[in-house]
Each structure stands twice: as C-alpha cells, then as structure tokens.
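For the sequence shown, this note's numbering gives the first residue as 1317, with consecutive numbering after it.
C-beta: ideal position from N, C-alpha, C; glycine also.
Notes follow once the structure below has been shown.
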Amino acid sequence: MIHIYDCNETFLYEIIEDYKEAENNEVKDEIFNSFCSSIWASDNKRRTYMKTIHFKVRKDLLNTELGQVFDTWSGIEYRYYKSMTKDENWCAIIRQKINNIYTKYFDKEVILNKEYMDLLKKPKLIYFDWLSGIEMDADTVTDIIDDTIDKAEKLKQRFQMEKMTLSWNEYKKVVEGFLRRCFDNCKLIEEYEDKTQIVNNYDFITEDNFYVKYINRSLNAYFQNYQKDYYSVKRGHNNKYSRCKRCGGIIEKIGRNTQYCNDCKRIRRLETKRSWWKNNH
Ligand SMILES: [Zn+2]
C-alpha cells in the first residue's frame, strides 16, 4: 500500500520520527517514498512567466521622432519565476526550495543577473533622462539602445553558458538522493541535549520549522557541492573559484592568470597552432 502523506494533516516531525524509528529498511523506504510523492504532488509547482520592463511614452511626445524610438523599447520582456510561496505547510516550503534551486542552477531561460537586468532597464532610464530635459537626438539614442540590447543579448548567452545542464526528471532523482541523506543525517530534536541552543541557532518556532530549515539548508549545501563535482573542481573552504572565459565552467583560481579550464586550454592551444600554420604556409 502506498500511503501518501497529506501535507496539511501530517507533521514533518512525525514523518521523520517514523522514519528514524522504522524497524527495517523496507519500512524506511516506504516512508521516504511516500514523503517524496507528496513533495512531487505539491500544488506549488515550478512556474516561470514573462515580465515586462514597461513605460508609457507621453501622448504629446508620441508623434516626435524620439518619442517613436522610445515607444519601440517601452515593453522589454524577460523571464521571471515564482520564487516564494504563501503556503505554510512543510511540503510547499520544501518544494519551493527545490524549485528555486533548479531555476538558479539549471534553468537557462531565467537570467536575472544584475548586470544583465541593468542593461534591459537602460532604455527606460534614458527615456526619463529625456523627459527631465536632457537634450538628445533620435539617431544617437537609436545607436545607444541598439548597442545596449546587443550587449544584453551577449551577456545573456554568457550567463546561460554558466548554468549546468540537467532535465527536470533527472533533477528529481538527484534531489531524492539528497533528501534521503537529509533523513539519514538529521538528528531528532530530542537528541539535542541543550534544546535552548537550537532555539537560538534556528529561530525555531515549531518542530516542523526546525526540520524544514534543516532540509532546505542541506539542499543548498548539497547543490553547491554538486556544482563543484559537475565541473570536477575540488571542494574546500579556502579554494577560490572563477569562470572559464571560453565555456563558462567553474575553475579553481590557482594563479592570477587562470582563465580557462583544462579542456579549453587544450582547444585554444590547438587553435593557436592551426592559425600559425595557416599564416606561415
Ligand atoms: Zn572551459
């Protein structure tokens, strides 16, 4: 029998206690699978949607040449995501964390880095500069905006490259592995000798709150490590990392001149050799 926990009826601490106290692995599997089923069945699905950087060109300016230029850029779209939930049950909150981690590391369509967003907002800012009385002409503004949008597009491609590739279904499997580790590694609250200590460390309101925080923090940490493993870089608190200039992968910053990952270094060397050969024969 598959028993799926009802997130509004069952406390997370009950599930974890049942899991810890289970008499054998089969029972453990059953409890854990049922927990996962309710996470994946949550109504709090991952959602992305289009948002617009919007401004309205004043009516009396709409027929001017500059007014027309700005009107073209008065609704720049970008993809955003649902990043929070109002639901207070453990299931929706953990699911939100799982959704957000996917968006952050794997969704190449959601690019919200400040550098990129600042470029998208620039036409709107120039418009308000114009309104405030700064003189400009249509050709120059067109050039500036074209250039800005071009830069934004290149930057977007760059940030897309810096994301890892993993389908949602594969991701779910990885998440389940990490959740299982959370279940195995977390201590029951009663195992803490000094409970006031936990109260201080985790602004801890209910027992469920404690476990939700434990799981969400652990997922964060697991995916930070997942990312390092993905790019085969060593983990370590003092290690410094940067991005490969060519492929966007994470590299360890050893010297000041580390710019490429090993693969790209090899490719660049070949390319240099090839162009030397072309130029000299
Ligand atoms: Zn590279």
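Less than 8 Å divides the Cβ of isoleucine 1566 from the Cβ of tyrosine 1547. Buried is the label assigned to tyrosine 1432, since at least 16 other Cβ atoms lie within 10 Å of its Cβ. Going by C-alpha positions, glutamate 1381 is about 6 Å away from alanine 1454.
Taking 4 residues as the minimum length, the alpha helix (DSSP H) runs contained wholly in the segment 1522-1551 are 1523-1546, in order along the chain. Here lysine 1367 is bridged, per DSSP, to Tyr1394.
Secondary structure note for arginine 1474: it is in no beta strand (DSSP E), and the uninterrupted alpha helix (DSSP H) holding it is 1454-1477. Following the DSSP letters along the chain, one finds arginine 1584 inside the alpha helix (DSSP H) bounded by residues 1578-1596. Between ligand 1 and tyrosine 1557, a heavy atom-to-CB distance of less than 7 Å is absent. In this structure, serine 1358 lies near arginine 1411, with their beta-carbon atoms less than 8 Å apart.
Note that the segment 1461-1478 does not touch the segment 1395-1402; fewer than 3 beta-carbon pairs, one per stretch, sit closer than 8 Å. Within the model, the alpha-carbon separation for arginine 1562 versus cysteine 1580 is close to 7 Å. The beta carbons of asparagine 1405 and cysteine 1498 sit about 18 Å from each other, so the pair does not count as a contact at 8 Å. Asparagine 1485 counts as exposed, since fewer than 16 other beta carbons sit within 10 angstroms of its beta carbon.
Within 10 angstroms of the beta-carbon of threonine 1368 lie fewer than 16 other beta-carbons, which makes it exposed. Around the Cβ of aspartate 1524, a 10 Å sphere holds 16 or more other Cβ atoms; the residue is buried.
Taking the CA atoms as reference points, serine 1353 sits about 23 Å from tyrosine 1421.
Non-local beta-carbon contacts of phenylalanine 1348 in its own chain, meaning distances under 7 Å to residues more than five positions away in sequence, involve Tyr1335, Arg1496 and Phe1499 in chain order. Taking C-alpha positions only, glutamate 1346 is separated from valine 1528 by approximately 20 Å. At a Cβ-Cβ threshold of 8 Å, lysine 1413 and asparagine 1532 count as neighbours.
Residue burial annotation: lysine 1438 is buried, with at least 16 other C-beta atoms found within 10 angstroms of its C-beta.
Under the 10 Å beta carbon count, threonine 1456 is surrounded by fewer than 16 other beta carbons and is classified as exposed.
Taking glutamate 1393 as the centre and dropping the five residues before and after it, the same chain places the C-beta of Met1366 and Thr1368 closer than 6 Å to its C-beta, in chain order. A residue is listed when its beta-carbon falls short of 6 Å from at least one non-hydrogen atom of ligand 1; in chain order these are Cys1560, Arg1562, Cys1563, Gly1565, Tyr1576, Cys1577, Asp1579 and Cys1580. Here glutamate 1478 is near arginine 1559, since their CB atoms are less than 8 Å apart. When rounded, the separation of the alpha-carbon atoms in leucine 1328 and valine 1549 is 35 Å. Annotation for glutamate 1568: the continuous beta strand (DSSP E) segment containing it runs 1566-1568. Around the beta carbon of asparagine 1379, fewer than 16 other beta carbons sit within 10 angstroms, so the residue counts as exposed.
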